[in-house]
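To keep things clear, I will list the structure first and then write my remarks on it.
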Amino acid sequence: MNIRNKCAQAALALGISSISALAGATVTVGNNDGGNCYPFSCLASDIGGTGSRYQEIYSASAFSGVTSVGSITFFQSIAGLMDSASYSISFYKTSVGIGGMSADADSNLGALLSTFGTFSVSGSNARRAYL
22 MNIRNKCAQA ALALGISSIS ALAGATVTVG NNDGGNCYPF SCLASDIGGT
72 GSRYQEIYSA SAFSGVTSVG SITFFQSIAG LMDSASYSIS FYKTSVGIGG
122 MSADADSNLG ALLSTFGTFS VSGSNARRAY L
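Numbering (our numbering), first residue to last: 22 to 152.
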């Protein structure tokens with residue numbers, strides 16, 4: 022391989038990494054226009070360790086294509102204790118529409134796309150939980 026081909030390959034590799042860096046932009050899905058208590062004081066650990074289930078459904082149009090999730094942040098709007106509990110976060114593709122979730126959490130699930138992880142959170146007066 023001559024030096025010109027090596028330079029062309031290096032330039033191509035640099036171009037590909039630049040495109041990948043642009044594709045890694047932060048994406049926010051949903052609005053912070055209301056709240057709930059997850060993972061802040063929903064008492065998941067206070068009711069005999071039985072835990073709770075929480076689900077959200079987002080429109081496919083919120084995502085431009087294949088999306089890699091590197092972190093999830095929960096914001097607390099009021100001061101207070103964080104519920105010491107373990108949370109498992111998974112992503113599913115479902116046919117259930119926005120606003121159409123059933124009280125039967127299992128019936129809302131579709132095809133499992135990815136398990137993001139299981140995390141233990143705790144603390145007092147925490148304002149954010151980074152997962």
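A virtual CB, placed ideally from N, CA and C, is assigned to each residue, including glycine.
In the DSSP assignment, what residue or residues form a beta bridge with residue i?
| i | result |
| --- | --- |
| Y108 | F140 |
| T115 | BP columns for T115 are empty, so no partner. |
For residue i and residue j, which I take to be in contact (beta-carbon distance under 8 Å), what is that distance rounded to the nearest angstrom?
| i | j | result |
| --- | --- | --- |
| I93 | M122 | At roughly 20 Å, the Cβ-Cβ gap does not stay under 8 Å, so I93 and M122 are not in contact. |
| A126 | Q76 | 6 Å |
In chain order, what residues of the same chain lie with their CB nearer than 7 Å to the CB of residue i, ignoring the 5 residues before and after it?
| i | result |
| --- | --- |
| L133 | S111, Y113 |
| L43 | Legend: pLDDT at L43 = 44, less than 50; position of this residue unreliable, value from coordinates given subsequently. Nothing meets the Cβ criterion. |
| S130 | The question names Ser, yet the displayed sequence has Leu at residue 130. Correct list, in chain order: Y113, T115. |
| R74 | A126 |
| V50 | Y79, A83 |
| V117 | I78, N129 |
Are the CB atoms of residue j and residue i within a distance shorter than 9 Å?
| i | j | result |
| --- | --- | --- |
| V142 | S105 | yes |
| F84 | Y108 | no |
Return helix, strand or coil for residue i, following the three-state DSSP convention.
| i | result |
| --- | --- |
| S135 | strand |
| A83 | helix |
| V125 | First, the amino acid is wrong: residue 125 is Asp here, not Val. If DSSP states are grouped into helix, strand and coil, D125 belongs with coil. |
Enumerate in chain order the residues of its own chain whose CB-to-CB distance from residue i is below 6 Å, with the five nearest sequence positions on each side excluded.
| i | result |
| --- | --- |
| S135 | F112 |
Can you list, in chain order, the residues of its chain whose CB lies under 8 Å from that of residue i, leaving out five sequence neighbours each side?
| i | result |
| --- | --- |
| V90 | F112, S135, F137 |
| S80 | I119 |
| T167 | Any property of residue 167 remains undetermined from this structure, which presents the chain solely from 22 to 152. |
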